[in-house]
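Colleague: Have a look at this one before I ask anything.
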Amino acid sequence: MVVQYSAAAKNGKAEPNHFGDVMSQRETSCMLPAVFKTPVQRIMLMANGNLQRVLSAYYNLPVSVEVLFNEPEEPWRLKEHKLPIRYCRDINLVCNRTVVCSAQSTVDLLTSKAADLVISKGVGIGQLFRYMNVLPTFTLLEAHLSDDNGSFERLYELRSDDVVCTISEKFPDGMLDPSFCRREQTMH
16 MVVQYSAAAK NGKAEPNHFG DVMSQRETSC MLPAVFKTPV QRIMLMANGN
66 LQRVLSAYYN LPVSVEVLFN EPEEPWRLKE HKLPIRYCRD INLVCNRTVV
116 CSAQSTVDLL TSKAADLVIS KGVGIGQLFR YMNVLPTFTL LEAHLSDDNG
166 SFERLYELRS DDVVCTISEK FPDGMLDPSF CRREQTMH
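Counting from 16, one number per residue, gives the positions in the sequence shown under our numbering.
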């Protein structure tokens, strides 16, 4: 099942959908199709760059990022600072040795400012928006719910003038159970 979410308001005008939308609106609407039945599932689908924090609060345990792969698509672009520079990244969000979300992403560095922060200053890809003090636009492109089990996934984009991240996240079956990552469990 594929469900798409559009950020357009009922009146046809685009709604602000960046991190700052919580500060600029008197009313916020994030309506997802009824197939996404649980409130926590809808919260995770709409998390806009803060999923690690949301998951930590949900489980009341630390959640860490396990970087599996984080490499430039064309390494020669780094040496020449030829823009855009694309990084491909695979990570797991891990709570108590249990993977609660896996993500694959592309990160496009569009400006020399962003490229310099990563290449010369060693700023991590995941910290770029915060380091640049930028509130990127969040767009949920797709949301999928498994017909077989409780797993679900989403595809979304975080965009600023300097950086564009396209991220696909998969949430395993059972992860909505608050006891999913308690001590007796091991890596899934």
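C-beta atoms are modelled at their ideal positions from N, C-alpha and C, and glycine is treated no differently.
In the structure shown, what three-state DSSP assignment does V149 receive?
Modeller: It is coil, neither helix nor strand.
Colleague: Count the other CB atoms, across all protein chains shown, that sit within 10 Å of the CB of D192; report buried if there are 16 or more and exposed otherwise.
Modeller: D192 should be labelled exposed.
Colleague: So, for L155: in the same chain, excluding its five sequence neighbours on each side, which residues have a beta-carbon less than 7 Å away from its beta-carbon?
Modeller: Closer than 7 Å at Cβ, skipping near neighbours: Y20, L60, M61, R169 and Y171.
Colleague: S127 lies in the beta strand (DSSP E); which residues open and close that run?
Modeller: S127 -> not in any beta strand (DSSP E); alpha helix (DSSP H) instead, spanning S127 to I134.
Colleague: By how many angstroms is the C-alpha of N65 removed from the C-alpha of F186?
Modeller: Using only the alpha carbons, I get a separation of about 15 Å.
Colleague: Shortest alpha-carbon distance to F167 belongs to which of T53, C196 and C180?
Modeller: Minimum Cα distance to F167 is reached at T53.
Colleague: Pull up the distance between the alpha-carbon of Q56 and that of A158, whole angstroms please.
Modeller: Rounded to whole angstroms, Q56 to A158 spans 11 Å at the Cα level.
Colleague: Using 10 angstroms around the beta-carbon of Q142, count the other beta-carbons present and answer buried if the total reaches 16, otherwise exposed.
Modeller: Its Cβ having fewer than 16 others within 10 Å, Q142 is exposed.
Colleague: Are the CB atoms of S175 and V149 nearer to each other than 8 Å?
Modeller: Yes.
Colleague: Per the DSSP calculation, Y73 is bridged to which residue(s)?
Modeller: Answer is none; Y73 lacks a bridge partner.
Colleague: Tell me the residue span of the beta strand (DSSP E) that contains R101.
Modeller: Segment I100 to C110, the beta strand (DSSP E) holding R101.
Colleague: Helix, strand or coil: how does DSSP classify R2 here?
Modeller: Because the chain is modelled from 16 through 203, residue 2 falls outside the range shown and cannot be assessed.
Colleague: Suppose you measure from the CA of S194 to the CA of Y74; what does that come to, to the nearest Å?
Modeller: For S194 and Y74, the distance between alpha carbons rounds to 8 Å.
Colleague: How many Å lie between C45 and V122 at the Cα?
Modeller: One C-alpha to the other measures close to 25 Å.
Colleague: Look at the alpha carbon of P99 and the alpha carbon of R197, and state the distance between them as a whole number of angstroms.
Modeller: In a straight line, the C-alpha of P99 is about 42 Å away from that of R197.
Colleague: Rounded to the nearest angstrom, what separates L70 and L108 at their Cα positions?
Modeller: Cα-Cα distance, rounded: 9 Å.
Colleague: With respect to the alpha helix (DSSP H) encompassing Q56, which residues constitute its N-terminal and C-terminal limits?
Modeller: That run of the alpha helix (DSSP H) goes P54 to M61.
Colleague: Around the Cβ of L132, are there at least 16 other Cβ atoms within 10 angstroms (buried) or fewer (exposed)?
Modeller: Per the 10 Å Cβ criterion, buried.
Colleague: Let's test the definition: count the other Cβ atoms within 10 Å of the Cβ of D177 and tell me whether it reaches 16, buried, or not, exposed.
Modeller: Per the 10 Å Cβ criterion, buried.
Colleague: Please decide whether L98 counts as near chain C, where near means a Cβ-Cβ distance under 8 Å.
Modeller: Given the protein chain composition of this structure (a single chain), no chain C is represented.
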